[in-house]
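Below: one structure, written as structure tokens.
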Amino acid sequence: MIQLAPSILSADFSRLGKSVETIEKAGAHLIHVDVMDGHFVPNISFGSAVMKSLAGKTSMAFDVHLMIEEPDRYLEDFVTEQTEYITVHQEACVHLNRTLQHIKSLGVKAGIALNPATPLSVLEYCLEDVDMVLIMSVNPGFGGQRFIPSALNKVKRLYRMKNERNPKLKIEIDGGINLSNVRSVTDAGVEIVVAGSSVFGCEDVAGSVKKFITEFK
Ligand code: DX5
Ligand code: ZN
């Protein structure tokens, strides 16, 4: 089953609770939570308090994408009953194996995110240790950027690696996904689709969620 994870980064923060209700009613599966520290990426978004404020407003699970340095210091803050995935960047983790074990010890699923220029070879010694790999199809830091085409081939290669080594692994794509290119990435093996501006940037947010889900069938 393919899941849609709208990124609240592109939502109207003054009415976040309402926005989350809207996407849930329309059939979205997960809430993608983009956390940026202004160091690992050149932008600051929000922290765990904002995520936790949504807990009562939705029953969708949180898909936490940490674009921060030294993520180990903050992992506990993002663990709630609704947290399904915590994903850290390979590029931000000096002791990646330890960080992945740390995430799993907190009872949540562990993901690794790879920047567009990071090769799949960095997964050589950790593919079996993770529940999800997030392929960045833009340089992290901002919503509303254009899809980087080489990400598609990366997903296809990762899909082959998954089938050989860790069939339960989920492949997530993040950045520049819209209704025109979503089919190409799901055909390539993506099972979790992040969409920010193409959901929350639309007049009809619910309609956009529904259109994405139709593309999954
Ligand atoms: C980028 C974030 C993405 C972003 C996606 O740094 O990780 O999740 O919000 O936004 P769109 O879909 O607009 O590219
Ligand atoms: Zn993200």
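With full-length UniProt numbering, letter number 166 in the sequence shown gets 166, and the count goes up by one each step, no holes.
Each residue gets a CB set at the ideal place from its N, CA and C atoms; glycine is no exception.
If you draw a straight line from the Cα of residue 146 to the Cα of residue 177, it is about 8 Å long. Close CB contacts of residue 174 within its chain, under the 6 Å cut and outside five residues either way in sequence, are with 134, 136 and 194 (chain order).
In this model, residue 132 and residue 65 are separated by some 11 Å (Cα to Cα).
Rounded to whole angstroms, residue 24 and residue 71 show a C-alpha spacing of 28 Å. Residue pairing from DSSP places residue 111 in a beta bridge opposite 87 and 132.
Check the Cα spacing between residue 110 and each of 164, 154, 159 and 168: the tightest is with 168. In this structure the region 103-117 lies against the region 79-95, because at least three pairs of beta carbons, one per stretch, are closer than 8 Å.
In the displayed model, residue 28 falls within coil according to three-state DSSP, outside both helix and strand. The C-alpha of residue 206 lies about 24 Å from the C-alpha of residue 85. Residue 1 and residue 80 have their C-alpha atoms some 24 Å from each other. Residue 119 and residue 158 have their C-alpha atoms roughly 10 Å apart.
By the 16-neighbour rule on beta-carbons within 10 angstroms, residue 18 is exposed. The beta carbon of residue 125 lies closer than 8 Å to those of 97 in the same chain, with the five residues before and after it left out.
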